[in-house]
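**Q** As they're listed, the protein sequences go chains A and B. Using the working numbering, the final residue of the first sequence is 234, and nothing's skipped along the way. Using the working numbering, the final residue of the second sequence is 1234, and nothing's skipped along the way. Sharing a structure, written as structure tokens. Questions coming.
There are 2 protein chains.
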Amino acid sequence: MISDFLKKVYIFSGLSDEELERLTKIARQKTFNKGDIIFFDTEPYLGFYVTITGLTKIYKISKDGREHILHLISPFNTFAEVPLFENFGEEFEDSFRYPANAMAIEDDTRVLLIPARQFRELLESNSKICIKMVSGFAKRLRHLNHHIEELTLKDVTKRVAGFILAENKKANQLQNGLHKITLNISKNDLAAYLGTIPETLSRTLKKLQDEAMINVEGKNIEITDIERLMDAAV
Amino acid sequence: MISDFLKKVYIFSGLSDEELERLTKIARQKTFNKGDIIFFDTEPYLGFYVTITGLTKIYKISKDGREHILHLISPFNTFAEVPLFENFGEEFEDSFRYPANAMAIEDDTRVLLIPARQFRELLESNSKICIKMVSGFAKRLRHLNHHIEELTLKDVTKRVAGFILAENKKANQLQNGLHKITLNISKNDLAAYLGTIPETLSRTLKKLQDEAMINVEGKNIEITDIERLMDAAV
DNA sequence: TTCGGGTTTTGACTTAAGTCAAAGGTAAAC
DNA sequence: GTTTACCTTTGACTTAAGTCAAAACCCGAA
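Below, the structure is given as structure tokens:
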């Protein structure tokens, strides 16, 4: 049931049953396959999205085709809420665009589109959801801050090491003992996320492996010396 | 009068006179000179700031001392609000830290410190201010998105050209005819803001001048060929 | 099982931008 | 006016990371 799902989405967690019902009515479900575009940054803004299943990348492209990934969105997370609040108070404008591109990077990526106008009404009448929204934005601002810090103050090796450690931390919270992660994205995408290119990522992983900090087998990365990997990350 | 000033601060623009009065009571005014630290990212979070006069840089430092500027904060703007909303709902924690460093970069930089605990109470009782807060965050997210895009997808020349054009746009909104801007920060700081170093910035400005797109005289930059400068920026 | 697409790795080379060191400038301080 | 401290520029050199091209790998579809 959709409304059961929505309850577990952070920004909707304060809503009453009837509000959830209302939300369910306005939401439109869509399904995408790997490589499908969800929206371009040139398109008029319709509303924001909630991921049900799969994985979505939010990215920008340079004039000559280089790509940089800003966020990777997994189930229960929202994306493209920012334009909702541009000129809040004023009338909602048709001229709003999406702030970046979004592409599904797994098959069967299911999302809900929450149309902007209707959601805005719901928002006006419910201050709890507004607080959640601010918290969500705060978290994202932290993330972007961190992202910029990594990109500007660290070299590729540090970024790769840092990424592996962060993934490991996430995984360990959920799972068992040994330090082992599995990438859920392609190395091309990982490179674009870390602000580099596949060749350099490949060489960097190899270097860390040669220095006996990690062991790479396809999408599986085992950390063999976490101490030194942590040193390499700062 | 402080409350007259506060009215012109975007996030407080919806407050009633008595709420403004309340805010005035809890705010603490501080004055800094050029080079003074307002806070370090290692300090416990006390609250957020509103700039009254002067200029503040929000920045991160790498282990080996390189600096990157995330934001430049001018009068009527706020900074360091993000930690207010970490774990909102839960009790406010003493363990929160500032997300980055802040330093005054002009003499007589006057700011108001709005203590977190008291402001949170005010926030609970007023949903209008919450909406403003989300809008403010949305704007900042846009800014950081743009910043990342510049840093990752453009070379230094494009970033410098883009910066000059953006400044020019700001200036032209207020002023008169010809395309001329005046830097309000040192070139060292500008370099740190554009994700490069002073030497490279200097050479880049010189290059753009040699190519007859701009004319640099100390802190004054005149745009002599805006068409070509725009081409150089993308 | 082979084909054909995309993905990943490797090697050789280039280059944008950083480092280091020194010299000019500028402006406030003495 | 001279000193001092910082800011800015210039020159010579280094290097991390990108480009280009090709090979190897991997995997699903025919």
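We treat Cβ as the ideally placed atom computed from N, Cα and C, and that holds for glycine.
From which residue to which residue does the alpha helix (DSSP H) around Thr196/A run?
**A** Premise fails: Thr196/A is in no alpha helix (DSSP H) and is neither H nor E.
**Q** Kindly list the residues whose CB is nearer than 8 Å to the CB of Gly136/A, restricted to its own chain and excluding five residues on each side of it in sequence; keep chain order.
**A** Tyr10, Ile11, Thr78, Glu81
**Q** Using CA coordinates, which residue listed in His1147/B, Tyr1098/B, Pro1099/B is at the minimum distance from Arg1159/B?
**A** Checking every option, the nearest Cα to that of Arg1159/B belongs to His1147/B.
**Q** Where does Val234/A sit, in a helix, a strand or coil, going by DSSP?
**A** Assigned with DSSP and collapsed to three states, Val234/A falls in coil, not helix or strand.
**Q** DSSP puts Val1160/B in a beta bridge; with which residues?
**A** As far as DSSP is concerned, Val1160/B takes part in no beta bridge.
**Q** Apply the 10 Å Cβ neighbour rule to His1143/B and answer buried if 16 or more other Cβ atoms are within range, or exposed otherwise.
**A** exposed
**Q** According to the neighbour-count rule (16 or more other Cβ atoms, all chains shown, within 10 Å of its Cβ), is Gly1035/B buried or exposed?
**A** With fewer than 16 Cβ atoms within 10 Å of its Cβ, Gly1035/B is classed as exposed.
**Q** Use the C-beta contact count for Gly1054/B: other C-beta atoms within 10 angstroms, 16 or more gives buried, fewer gives exposed.
**A** Around the beta-carbon of Gly1054/B, 16 or more other beta-carbon atoms lie within 10 Å, marking it buried.
**Q** So which residues on chain B does Gly195/A lean against when the C-beta distance must stay under 7 Å?
**A** Chain B residues near Gly195/A: Thr1152.
**Q** So Ser1013/B and Lys1007/B are in contact, right, with Cβ under 8 Å, and what is the actual spacing, rounded?
**A** 7 Å
**Q** Using 7 Å as the limit for Cβ to Cβ distance, is Ser1062/B near chain A?
**A** At least one CB atom of chain A sits nearer than 7 Å to the CB of Ser1062/B.
**Q** Can you list the residues of chain B that Val156/A reaches, using a CB-CB cut of under 8 Å?
**A** Those do not exist, as Val156/A stays about 12 Å from chain B at its closest Cβ, beyond 8 Å.
**Q** Hey, how far is the Cα of Ile2/A from the Cα of Thr24/A?
**A** 7 Å
**Q** In chain order, which continuous runs of the alpha helix (DSSP H) of length 4 or greater are located wholly inside the stretch 13-46 of chain A?
**A** For the stretch 13-46 of chain A, whole alpha helix (DSSP H) runs of length 4 or above, ordered along the chain, are 17-26.
**Q** Find the nearest neighbour of Leu178/A within the set Ile226/A, Arg110/A, Arg117/A, Glu19/A, judged by alpha-carbon distance.
**A** Ile226/A
**Q** For chain B, is any of its Cβ atoms less than 7 Å away from the one on Arg66/A?
**A** yes
**Q** Can you check DSSP and say which residues form a bridge with Ala104/A?
**A** Thr56/A
**Q** Can you pull the chain A residues whose beta carbon is under 8 Å from the beta carbon of Ser1074/B, in chain order?
**A** Going along chain A, no residue has its Cβ under 8 Å from Ser1074/B, so there is no contact; the nearest lies around 19 Å.
**Q** What span of residues does the alpha helix (DSSP H) with Leu178/A cover, start to end?
**A** It is not in any alpha helix (DSSP H) - Leu178/A carries neither H nor E in the DSSP assignment.
**Q** State buried or exposed for Asp189/A, treating a residue as buried only when at least 16 other CB atoms are found within 10 Å of its CB.
**A** Counting other Cβ atoms within 10 Å of its Cβ, Asp189/A reaches 16 or more and is therefore classed as buried.
**Q** Which residues in chain A have a C-beta closer than 9 Å to the C-beta of His1147/B? List them in chain order.
**A** Leu144, Ile148
**Q** Nearest-angstrom Cα distance between Leu1122/B and Leu1113/B?
**A** 15 Å
**Q** Tell me Phe48/A's beta-bridge partners as DSSP assigns them.
**A** Beta-bridge analysis with DSSP links Phe48/A to Ile114/A.
**Q** For Arg117/A, go through chain B and note every residue whose CB falls closer than 9 Å to its CB, in chain order.
**A** Near Arg117/A there are no residues of chain B at all, since even the closest Cβ is about 16 Å away, more than 9 Å.
**Q** Assuming Leu153/A contacts Lys1060/B under a Cβ cut-off of 8 Å, what Cβ separation, rounded to an integer in Å, is found between them?
**A** 6 Å
**Q** What residues in its chain sit with their C-beta under 8 Å from that of Ile69/A, if we drop five residues either side in the sequence?
**A** Lys57, Ile58, Tyr59, Asp189, Ala192, Tyr193
**Q** Starting from the Cα of Glu1067/B, find the closest Cα among Gly162/A, Asn184/A, Glu150/A and give me that residue.
**A** It is Glu150/A whose Cα lies nearest to the Cα of Glu1067/B.
**Q** Candidates Gly218/A, Val50/A, Ile131/A: which alpha carbon is nearest Ser239/A's?
**A** Lying before the first or after the last residue shown, residue 239/A is absent from chain A, which here runs from 1 to 234.
**Q** Considering only their Cβ atoms, is the gap separating Arg1110/B from Ile1052/B smaller than 7 Å?
**A** yes
**Q** Counting Cβ pairs, one atom from each stretch, are 3 or more of them under 8 Å apart for the stretch 1083-1092 of chain B and the stretch 1026-1035 of chain B?
**A** no
**Q** May I ask you to list, following chain order, the residues of the stretch 1080-1091 of chain B that have a beta carbon less than 9 Å from some beta carbon of chain A?
**A** Glu1081, Val1082, Pro1083, Leu1084, Phe1085, Glu1086, Asn1087, Phe1088, Gly1089
**Q** Taking a Cβ distance cut-off of 7 Å, strictly less, list which residues of the stretch 1028-1051 of chain B are near chain A, in chain order.
**A** none
**Q** Residues in the same chain with beta-carbon distance under 6 Å from Val1050/B, minus the five sequence neighbours each way, listed in chain order, please.
**A** Val1009, Thr1078, Leu1112
**Q** Going by DSSP, what residue range makes up the alpha helix (DSSP H) through Asn126/A?
**A** Run containing Asn126/A: none; DSSP gives neither H nor E here.
**Q** Going along chain B, which residues have a C-beta under 7 Å from Ser16/A?
**A** Contacts between Ser16/A and chain B, judged by CB atoms closer than 7 Å, are missing: the closest CB pair is about 16 Å apart.
**Q** Give me the chain B residues within the contact set of Ile11/A, using Cβ-Cβ distance strictly less than 7 Å, ordered along the chain.
**A** Here the premise fails: no neighbours, minimum Cβ distance about 11 Å.
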